[in-house]
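Only one structure is covered here, and it is reproduced in the block below.
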Amino acid sequence: MSDVVVVESPAKAKTIEKYLGRDFTVLASFGHVRDLEEKDGAVLPDQDFAMVWGKDGRGEAQVGKIAQALKGAKRLWLATDPDREGEAISWHVKDMLGQRGALKGKDVQRITFNEITKRAVQYAVEHPRELDVPLIDAYLARRALDYLVGYTLSPLLWRKLPGSRSAGRVQSVALRLICEREAEIEAFKAREYWSIEAKFQTPAGAPFTARMTHLDGKKLDQFDLNEAGSANRAKGLAEAATYAVASVEKKRSRRNPPPPFMTSTLQMEASRKLGMGAQQAMRTAQQLYEAGHITYMRTDGVSMAREAIAAIREHVKDAFGPDYMPVTPREYQSKQKNAQEAHEAIRPTDVTRTPEAMGRELDGAQGRLYELIWKRAVASQMSAAELDQTAVDIASEDGKIRFRATGSVVAFDGFLKLYREDEDDRAADARAGIKPAEPTEDDESRILPPMAERDPLKRGAITASQHFTQPPPRFSEASLVKRLEELGIGRPSTYASILQRLQDLKYVTLEKRRFIAQDLGRMVTTFLVRFFDKYVDTGFTSAMEEKLDSISAGEADWRAVMRAFWSEFSAAVEATRDLKIRDVIDALDEDLGPHIFPARADGTDPRLCPTCGNGRLGLRLGRTGAFIGCSNYPECRYTRPFGVDSGEGEGAAPAEQELGNDPATGQTVTMKRGPYGFYIQLGEPGTDAKGKPTKPKRTSLPNGITPDIVTLDQALGLLSLPRAIGFDPETGEEITAGLGRFGPYVRCGTVFKSLDKDDDVLTVGMNRALVLLADARARVRELGVHPKDKEPVSVRKGRFGPYAQHGKTVANLPRDVAMEDISLEDAVALLAEKGKALKPRGPAGRKAAAPKSTKKAANGEAPAAKAPARKAAAKPAAKKAPAKAKAKAPAKAKPKAKAASKSVG
1 MSDVVVVESP AKAKTIEKYL GRDFTVLASF GHVRDLEEKD GAVLPDQDFA
51 MVWGKDGRGE AQVGKIAQAL KGAKRLWLAT DPDREGEAIS WHVKDMLGQR
101 GALKGKDVQR ITFNEITKRA VQYAVEHPRE LDVPLIDAYL ARRALDYLVG
151 YTLSPLLWRK LPGSRSAGRV QSVALRLICE REAEIEAFKA REYWSIEAKF
201 QTPAGAPFTA RMTHLDGKKL DQFDLNEAGS ANRAKGLAEA ATYAVASVEK
251 KRSRRNPPPP FMTSTLQMEA SRKLGMGAQQ AMRTAQQLYE AGHITYMRTD
301 GVSMAREAIA AIREHVKDAF GPDYMPVTPR EYQSKQKNAQ EAHEAIRPTD
351 VTRTPEAMGR ELDGAQGRLY ELIWKRAVAS QMSAAELDQT AVDIASEDGK
401 IRFRATGSVV AFDGFLKLYR EDEDDRAADA RAGIKPAEPT EDDESRILPP
451 MAERDPLKRG AITASQHFTQ PPPRFSEASL VKRLEELGIG RPSTYASILQ
501 RLQDLKYVTL EKRRFIAQDL GRMVTTFLVR FFDKYVDTGF TSAMEEKLDS
551 ISAGEADWRA VMRAFWSEFS AAVEATRDLK IRDVIDALDE DLGPHIFPAR
601 ADGTDPRLCP TCGNGRLGLR LGRTGAFIGC SNYPECRYTR PFGVDSGEGE
651 GAAPAEQELG NDPATGQTVT MKRGPYGFYI QLGEPGTDAK GKPTKPKRTS
701 LPNGITPDIV TLDQALGLLS LPRAIGFDPE TGEEITAGLG RFGPYVRCGT
751 VFKSLDKDDD VLTVGMNRAL VLLADARARV RELGVHPKDK EPVSVRKGRF
801 GPYAQHGKTV ANLPRDVAME DISLEDAVAL LAEKGKALKP RGPAGRKAAA
851 PKSTKKAANG EAPAAKAPAR KAAAKPAAKK APAKAKAKAP AKAKPKAKAA
901 SKSVG
């Protein structure tokens, strides 16, 4: 009988079975075969952190297939991935097979390979080992730690902070980083500064640009020129002087290539250069690995196998020439201290399979990622690039004013011939259509003309440019992964799932490649920082990662680490047992106050209630989450939402924003967010002279006008709709523009036409309106007036063909009758014979239909429901004993309700 080999995926199984031949049966575990039970009590601290593993149907089935294949086999090879999770899967498979009694008399061996090639697989079989116990212990500790934090903090959040969803050991720290960056941006105050640039020409007439560095004999700091007056003074002094070259400094610098990819750098560069999210990058890399094209993609290592380095160096020599191959091979060392991941970098398994050669075999995403990995790995073994850098100082005759010009030219491109790492987030933003806050100039592409010391220079125009300091940028996927890695938080193999989890929970959104903290995420972070600061602190989380690393290195006992953590953590949780909702509200209101109630430009109190005028707005918590309410409740019932999923991203408007006052009425114009989107409101609800409630005038925001750019003039214009545009030169009827149920439109008489997305209902003019109405009239043919009530009769194009219309009565035209052929008399006859009233849409239509189900019979009793009647008809036996059927109905309903409740929970 053949030996049995267990791998993780079916794709890998097919490839490996091809390499090993008939003497081996290769089966897939399909990832993890079991996990902790998804309920409280799966990790038992009182029993020295014993774990209760849940039964998974798919996992049980796969282990059953492996057990069946082992009958008659001599050996079991556990060949799961060469990292901590792979080691854990092998341990689970072995343990489950042992419980089944399937391993009696079987030799169990663990093998790993970093690439799926015939040579690597055969070498692994020749060099088996035992399961790595410290690595398994590290997995158990990490799994227990994450479980206890999640299953302890999450229920606490649900009880104390309604509307929140979950917390996690690393997830909550990543969320804190995003939220704190958002708070920094909100608190940021821009500072003004100016720069002075001058155009110069060399004696040979070559132009170049330089920037002022010294004024009045002193070096200029960034904010020395901080307003127009000082900048214009500096410009005037510079224009009055003559200049010559003070010094020319030239030097040659070397730039070494970056190391080959590990997991985190692959995620960063895939995001920057390819626009791939972390999850997409890892999923695509997994496909390339299982197909045998690249080495294992979950690794913290940057070293490569010696034979791989030799092959790459040979390829560099053949493809680019001997000058591009360094004298000695380049050796790279990882800065990561952990020993729980695979150690070799991500590289192509065969360097001769160039991206061009693989073009037909790989699809778009796989091809682009393979090219990135291939180029990075090859470039890592290429010669350094050499750059000639030049700095020219220009001084006035008295030496009190100085300018500096810098430039750089590539003397030898080296690895830059193949790969450039300098495409940072700013360059990626440009590809995504995001404009940079300040223009930048690439010094590497700027070449200064030849100059010598004391050369006189001809001065051209001098310009003074105003600038403002910029807030720190929001995190991108690449920059957040980099920050987490710098802090030593989490592991690169988990970053993709963590970032996706934050988005799934609606704690953050990803807009234009940037993470934006949502109100719900900020509320959860504020709660955790206020009451569990230690456990969402970056230093504590990093220190815990080091302890987990020491377990995987065999230097610490995992249960001892867990006991130390749990004693402090459980005490912190116990301390919040008596925490009242009122305490939570007060803490959140205090910490989130600057975000919820930003200072107003006019200096008025942002917490003043707009309805009652003397109440104080504050954060409140209800059963479904947080909202803003007035302190004068219940007399004042003003509320506005907070922490709801608005669906907006960067630059989203708050739930309510005052735009100003209407000059005609003095009433406040407010933009609010309702259940169907944003709308403009004039004034507030009130009562008339008779004490009846009055509703303020409202209008929705049309497409094309986003909440973050609405001005007072736009709002007043929308509130004044419909507006007159002019008169139709043919019919003399007035043409108006307005907002309807289906968006903005133009109207002339009975003819309507919706505006295109590029049209503005507030500015659309006469010529455009006539074009739109002409198109609409082509779809409507006026036949005349009805002989009975003199109301117009028309024939129109509809979704299901042409139809005649008179008021709210419509009738479809016969299939053999065209719009152009029907007469007024025929249309009137058709409407009388087949006319149907237009059904009201929306709430009115639903209300109109409601009485049918509540209509009473002649004796005053409600009629029997139709559904039970149909059920009775389907089962004739039920008619004979209606009493029994009625008696059993409630009993049957109970289990369904219970099951539904369990499913929701």
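Residue numbers for the sequence shown follow full-length UniProt numbering, so the first one is 1 and each next one is one higher. Ideal placement from N, C-alpha and C gives every residue a C-beta, glycine not left out.
Asked: Where residue 767 sits in the DSSP three-state scheme; Found: helix
Asked: First and last residue of the uninterrupted alpha helix (DSSP H) at residue 281; Found: 278-290
Asked: Residue nearest to residue 191 in terms of C-alpha spacing, selected from 184, 205, 264 and 471; Found: 471
Asked: Inter-residue CB distance, residue 345 and residue 303 (contact presumed, cutoff 8 Å); Found: 6 Å
Asked: Beta-carbon contacts of residue 534 that lie in its chain and below 6 Å, excluding the five residues immediately before and after; Found: 540
Asked: Touching by the beta-carbon criterion (3+ pairs, under 8 Å), the region 387-402 and the region 208-228; Found: yes
Asked: Beta bridge counterpart(s) of residue 462 as assigned by DSSP; Found: 198
Asked: Three-way DSSP call (helix, strand, coil) for residue 610 in this model; Found: coil
Asked: Residue 753 - DSSP class collapsed to helix/strand/coil; Found: strand
Asked: Contained beta strand (DSSP E) runs [length at least 3] in the region 366-434, N- to C-terminal order; Found: 385-396 and 402-412
Asked: Secondary structure of residue 661, DSSP reduced to three states; Found: strand
Asked: Cβ neighbours of residue 151 in the same chain (closer than 7 Å, five flanking residues each side left out); Found: 40
Asked: Residue span of the beta strand (DSSP E) that contains residue 735, given as start and end; Found: 734-740
Asked: Whole-Å CB distance - residue 45 paired with residue 566, under 8 Å assumed; Found: 5 Å
Asked: N-terminal and C-terminal residue of the alpha helix (DSSP H) that residue 455 is part of; Found: Premise fails: residue 455 is in no alpha helix (DSSP H) and is neither H nor E.
Asked: Bounding residues of the beta strand (DSSP E) (the contiguous stretch that carries residue 699); Found: 697-700
Asked: Integer-rounded CB distance, given that residue 447 should sit under 8 Å from residue 239; Found: That belief does not hold up - the Cβ atoms of residue 239 and residue 447 are roughly 27 Å apart, past 8 Å.
Asked: Simplified DSSP assignment, three categories, for residue 806; Found: strand
Asked: Cβ-based burial, residue 374 [other Cβ within 10 Å; buried from 16]; Found: buried
Asked: Paired residues, beta bridge with residue 27 - DSSP; Found: 6
Asked: Identified DSSP bridge partners for residue 628; Found: 619 and 640
Asked: C-alpha gap between residue 616 and residue 678, whole angstroms; Found: 24 Å
Asked: Close Cβ partners of residue 831 (< 7 Å) along its chain, the five nearest in sequence each way excluded; Found: 804, 806, 809 and 811
Asked: Residue 309 vs residue 348 beta-carbon contact at 8 Å; Found: no
Asked: Those residues which DSSP pairs with residue 268 across a bridge; Found: Bridge partners of residue 268: none, in fact.
Asked: One or two residues paired with residue 164 in a DSSP bridge; Found: DSSP, once it has assigned bridges, lists no residue as partnering residue 164.
Asked: Length of the line joining the Cα atoms of residue 594 and residue 673; Found: 20 Å
Asked: Cα-Cα separation between residue 62 and residue 376, rounded to whole angstroms; Found: 38 Å
Asked: Reduced DSSP secondary structure (H/G/I, E/B, other) of residue 481; Found: helix
Asked: Anticipated Cβ contact below 8 Å, residue 913 with residue 290, distance rounded; Found: With the chain covering only 1 through 905, there is no way to say anything about residue 913.
Asked: Contact set for residue 481: own chain, Cβ-Cβ below 7 Å, skip 5 residues either direction; Found: 264, 267, 268, 278 and 495
Asked: Coarse secondary structure for residue 791, derived from DSSP in three states; Found: coil
Asked: Distance CB(residue 71)-CB(residue 3) smaller than 8 Å; Found: no
Asked: Through-space distance from residue 585 to residue 159, alpha-carbon basis; Found: 13 Å
Asked: Nearest neighbour of residue 542, chosen from 487, 555 and 573 [CA to CA]; Found: 487
Asked: Continuous alpha helix (DSSP H) stretch holding residue 318: start and end; Found: 306-320
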